[in-house]
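In the numbering used here, the protein residues as written are 18 to 172. Note that CB positions come from ideal geometry on N, CA and C, so glycine has one too.
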């Protein structure tokens, strides 16, 4: 018996391979400060990017706070399967981006403490924390011209 080539088998195999190779758990996130080198007067914000390999996780909220001691707290709350012990998850990559605006900060060195808090007891991912340190520099003072220098220009 002669075997025929069936294109649908190739498509099905590719889909199954894609599902098998795709990450199933949450992956690391990126944490950035905007602007990257802030000066006094700049409105400072932190941006957190993350990705989940399945649609089992949903973001339920976030908290931004300035903690005494030059620490900026940034927490993202994540729920797994809506708090249920298990669920059927769609194997679709989910990207997220969250922003915290802290406004203008005085000159100094600050530490951003980013926490991705997984609250469900059934979650397969632990709560993770990352720290990022940055410096807000003072504005460069402009040289103040004296009246004597201005008079010299117009003589």
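How would you label residue i, buried or exposed, when you count the other beta carbons within 10 angstroms and need 16 or more for buried?
i: residue 97; result: buried
i: residue 126; result: exposed
i: residue 104; result: exposed
i: residue 150; result: exposed
i: residue 67; result: buried
i: residue 122; result: buried
i: residue 168; result: exposed
i: residue 172; result: exposed
i: residue 143; result: exposed
i: residue 84; result: exposed
i: residue 95; result: buried
On the three-state DSSP scale, how would you describe residue i?
i: residue 165; result: helix
i: residue 98; result: helix
i: residue 142; result: coil
i: residue 153; result: strand
i: residue 33; result: Per-residue confidence for residue 33 stands at a pLDDT of 43, beneath the threshold of 50, marking its modelled position as unreliable; no derived number is given.
For residue i versus residue j, is the C-beta distance shorter than 7 Å?
i: residue 57; j: residue 156; result: yes
i: residue 71; j: residue 117; result: no
i: residue 119; j: residue 61; result: yes
i: residue 88; j: residue 80; result: no
i: residue 145; j: residue 133; result: yes
i: residue 90; j: residue 130; result: yes
i: residue 137; j: residue 100; result: yes
Which residues does DSSP list as the beta-bridge partners of residue i?
i: residue 119; result: Answer is none; residue 119 lacks a bridge partner.
i: residue 78; result: 94
i: residue 171; result: Beta-bridge pairing links residue 171 to no other residue.
Determine the extent of the beta strand (DSSP E) in which residue i is found, giving its start and end residues.
i: residue 108; result: It is not in any beta strand (DSSP E) - residue 108 carries neither H nor E in the DSSP assignment.
i: residue 65; result: 60–69
i: residue 134; result: 125–135
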